[in-house]
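Asks: Heads up: the protein sequence lines correspond to chains S and A, in order. Per our numbering, numbering through the first sequence is continuous, rising by one, with the last residue being 194. Per our numbering, numbering through the second sequence is continuous, rising by one, with the last residue being 194. Every residue, glycine too, gets a C-beta built ideally from N, C-alpha and C. Since the structure is predicted, the reported quantities are computational estimates derived from the model, not experimental observations.
2 protein chains.
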Amino acid sequence: MLRGDITKAIRNAVMHELAEVGYGRLSIEAVARRAGVGKTAVYRRWSNKLEMVLEIVSGVAERSVPMPDTGSFATDLQLVTFIVSKALQHRIASQIIPDLMAEAARNPKIAETLQRALRTHQLAVGEKIVGQAVERGELPAGTDPDIAVDLMLGPLYWRLAVARTPIDDDYLEKLAAAVLRALGAKA
Amino acid sequence: MLRGDITKAIRNAVMHELAEVGYGRLSIEAVARRAGVGKTAVYRRWSNKLEMVLEIVSGVAERSVPMPDTGSFATDLQLVTFIVSKALQHRIASQIIPDLMAEAARNPKIAETLQRALRTHQLAVGEKIVGQAVERGELPAGTDPDIAVDLMLGPLYWRLAVARTPIDDDYLEKLAAAVLRALGAKA
DNA sequence: GAACGTCGAAACGCAACCGTTGCGTCCTCG
DNA sequence: CGAGGACGCAACGGTTGCGTTTCGACGTTC
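(1) Tell me where the alpha helix (DSSP H) around asparagine 19(S) begins and ends.
(2) Between leucine 125(S) and chain A, is the shortest Cβ-Cβ distance under 7 angstroms, so that the two count as touching?
(3) If I measure Cβ to Cβ from isoleucine 174(A) and keep anything under 7 angstroms in the same chain, skipping five residues before and after, which residues do I get?
(4) Could you check whether alanine 189(A) and arginine 188(S) sit closer than 7 angstroms to each other, using their CB atoms as the reference points?
(5) Excluding the 5 residues preceding and the 5 following glutamine 85(S) in the sequence, name in chain order all residues of the same chain whose CB lies nearer than 6 angstroms to its CB.
(6) Residues in the same chain with beta-carbon distance under 7 angstroms from valine 38(A), minus the five sequence neighbours each way, listed in chain order, please.
(7) When the Cβ atoms of the region 133-150 of chain S are set against those of the region 73-84 of chain S, are three or more pairs found closer than 8 angstroms?
(8) Suppose the cutoff is 8 angstroms on Cβ atoms and the five residues either side in sequence are ignored; what does the same chain contact list for methionine 159(A) look like?
(9) For the region 51-96 of chain A, which segments carrying the alpha helix (DSSP H) assignment without a break, of at least 4 residues, lie completely within its bounds, in sequence order?
(10) For lysine 46(A) and asparagine 55(A), I'd like the C-alpha separation in whole angstroms.
(11) Report yes if the CB atom of isoleucine 117(S) is closer than 7 angstroms to the CB atom of alanine 111(S), and no otherwise.
(12) Is the CB-CB distance between alanine 61(S) and threonine 120(S) below 7 angstroms?
(13) So with Cβ pairs under 7 angstroms, would you call leucine 158(S) a contact of chain A?
(14) What residues in its chain sit with their C-beta under 8 angstroms from that of threonine 172(S), if we drop five residues either side in the sequence?
(15) With C-beta atoms as the reference, is alanine 109(A) less than 7 angstroms away from serine 65(A)?
(16) Straight-line CA distance for valine 72(S) to aspartate 12(A)?
(17) Which of the three DSSP states, helix, strand or coil, is assigned to valine 112(A)?
(18) Classify glycine 43(A) as buried or exposed, calling it buried when 16 or more other Cβ atoms lie within 10 Å of its own Cβ.
(19) Taking the straight line between their C-alpha atoms, what separation do you get for threonine 150(A) and glycine 149(S)?
(20) For chain A, check one thing: does any of its Cβ atoms lie closer than 7 angstroms to the Cβ of lysine 181(S)?
(21) Taking the alpha-carbon of proline 75(A) as reference, which of Gln129(A), Ala94(A), Met59(A) and Glu180(A) has the nearest alpha-carbon?
The structure is reproduced here in structure tokens:
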């Protein structure tokens with residue numbers, strides 16, 4: 008019954024509005040205005056701001072970050088850092104993610120959603136590629152996947168989303184190499 | 008003429024209010040209410056929300072993070088990670104910093120203030136301890152201080168302020184050791 | 001003891017947004 | 001062709017915050 012093109016326009020408007028003003032200041036009126044839509048259309052789909060944002064954001068987030076399996080830890084790592092760095096340099100994403108992360112610190116529902124949409128998957132990816140690497144003997148047995156993930160994602164996130172310093176391919180290479188050394192990679 | 012105890016109460020209220028609701032939702036009315044003070048008292052000191060927050064936050068931020076010089080890169084590194092991890096586990100700070108970081112992405116004045124209050128100092132510390140380590144032969148010549156700082160602060164920030172996963176001393180040790188390896192430390 | 005400046009409290013007009021409602025239009029079923 | 005539903009638009013009463021102003025109560029300073 009609900010018209011799909013309108014739903015799409017609202018979803019789009021929410022993402023842009025989130026990026027521009029953040030969750031705290033996001034208003035349904037502004038979303039409707041931006042989508043060229045009546046407030047009624049919004050309230051017909053979601054019952055409040057929190058529910059709307061969570062549904063839309065998790066919908067977008069869920070379809071990202073592949074599970075690499077290139078046969079070599081070094082290239083797995085390169086692939087992940089490359090993809091994550093691209094994602095974090097996306098204009099909209101790089102605004103929305105830190106904002107929601109900060110908001111999550113005070114809103115448990117947001118925290119839970121982000122946890123499910125991002126962190127869980129990240130840890131799974133980390134565990135898998137580290138596990139494979141250990142089996143292949145590329146990494147020492149007992150390598151902690153958590154630390155591996157933190158070493159990969161931490162600096163990237165820090166640089167791109169927090170410090171917002173531009174990054175070039177050279178930096179990305181150096182970083183990946185440093186992470187390899189940090190984990191005691193043998194190959 | 009302005010009473011010092013009142014100024015102090017307002018500064019305190021701003022920090023707590025920032026932590027609870029974030030910059031986006033921070034209102035001067037709530038600050039005054041919390042400080043047990045009239046709005047007049049606030050407006051007599053600062054002319055608007057942005058100016059008030061920037062002045063107060065940078066005042067607090069500037070007096071932190073020492074310049075370590077223990078004679079060994081490993082212990083310098085330990086010291087920094089320890090101090091930063093303590094700071095990021097502080098209840099108020101760990102709420103305010105990510106929030107303002109996110110806000111900085113859309114407000115150049117906030118970005119500039121944070122850059123000056125945090126990043127500049129961090130880079131200076133990084134450059135110094137890396138430079139000393141290189142002179143002592145503990146690190147390879149040509150070690151990039153930027154990457155070193157990112158490798159130290161990135162995972163910590165990621166863990167504590169973003170993922171909000173608790174951290175124990177064991178993790179901290181492993182992390183510091185990993186960073187040492189990443190930088191190719193010899194000693 | 002008079003003048004001054006800060007203080008809290010309260011109210012001002014203004015604007016934004018909340019979530020809801022009623023209206024008239026348009027489209028799509030059956 | 002008629003019913004029903006989603007649509008936009010506009011307005012509702014209520015809340016919140018803005019930045020300003022006025023008031024009387026204190027406390028200094030001279």
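Replies: By the coordinates alone:
(1) Sequence index remark: in the first sequence, residue 19(S) carries index 12 (1-based). Looking at the DSSP string, the run of the alpha helix (DSSP H) that includes asparagine 19(S) is 11-32.
(2) In the first sequence, residue 125(S) corresponds to position 118, counting from 1. So, not an interface residue.
(3) The residue you call residue 174(A) lines up with position 167 of the second sequence. Within the same chain, isoleucine 174(A) has close Cβ partners Ser92, Arg166 and Leu167.
(4) Here residue 188(S) corresponds to residue number 181 of the first sequence, with the count starting at 1. Here residue 189(A) corresponds to residue number 182 of the second sequence, with the count starting at 1. Yes, the Cβ-Cβ distance between arginine 188(S) and alanine 189(A) is below 7 angstroms.
(5) Here residue 85(S) corresponds to residue number 78 of the first sequence, with the count starting at 1. If we look at glutamine 85(S) and ignore the five residues flanking it on each side, its Cβ neighbours are Ala183.
(6) Taking the second sequence and counting its residues from 1, the one referred to as residue 38(A) is at position 31. Excluding sequence neighbours, valine 38(A) sits near Ile17, Ala20, Val21, Glu24 and Val49.
(7) yes
(8) If you number the second sequence from 1, residue 159(A) lands on position 152. Closer than 8 angstroms at Cβ, skipping near neighbours: Leu84, Val87, Thr88, Val91, Gly133 and Val186.
(9) 56-69 and 80-96
(10) Residue 46(A) sits at position 39 when you count from the first residue of the second sequence. Residue 55(A) sits at position 48 when you count from the first residue of the second sequence. So the two alpha carbons sit approximately 11 angstroms from each other.
(11) Within the first sequence, the letter at position 110 stands for residue 117(S). Within the first sequence, the letter at position 104 stands for residue 111(S). In this structure, alanine 111(S) lies closer than 7 angstroms to isoleucine 117(S) by Cβ.
(12) The residue you call residue 61(S) lines up with position 54 of the first sequence. The residue you call residue 120(S) lines up with position 113 of the first sequence. First, the residue type needs correcting, since residue 61(S) is leucine and not alanine in the sequence shown. The answer is yes: Cβ separation under 7 angstroms.
(13) Numbered from 1 along the first sequence, position 151 holds the residue referred to as residue 158(S). For leucine 158(S), the answer is yes, since a Cβ of chain A falls inside 7 angstroms of its Cβ.
(14) Working through the first sequence from its first residue, we reach residue 172(S) at position 165. Arg166.
(15) The sequence position of residue 109(A) within the second sequence is 102, counting from 1. The sequence position of residue 65(A) within the second sequence is 58, counting from 1. No, the pair does not count as a contact, with Cβ atoms beyond the cut-off.
(16) The residue you call residue 72(S) lines up with position 65 of the first sequence. The residue you call residue 12(A) lines up with position 5 of the second sequence. Their backbone Cα atoms lie some 52 angstroms apart in a straight line.
(17) In the second sequence, the residue the question calls residue 112(A) occupies position 105. Just to set this straight, residue 112(A) is alanine in the shown sequence, not valine. Alanine 112(A) falls in the coil class under three-state DSSP.
(18) Indexing the second sequence from 1 puts residue 43(A) at position 36. Label assigned to glycine 43(A): exposed.
(19) Translated into positions along the second sequence, residue 150(A) becomes position 143. Translated into positions along the first sequence, residue 149(S) becomes position 142. Distance between the alpha carbons of threonine 150(A) and glycine 149(S) is about 29 angstroms.
(20) Looking up residue 181(S) in the first sequence gives position 174. Cβ-Cβ to chain A under 7 angstroms: yes for lysine 181(S).
(21) Walking along the second sequence from the start, residue 75(A) turns up at place 68. For the residues Gln129(A), Ala94(A), Met59(A) and Glu180(A), the minimum Cα distance to proline 75(A) belongs to Gln129(A).
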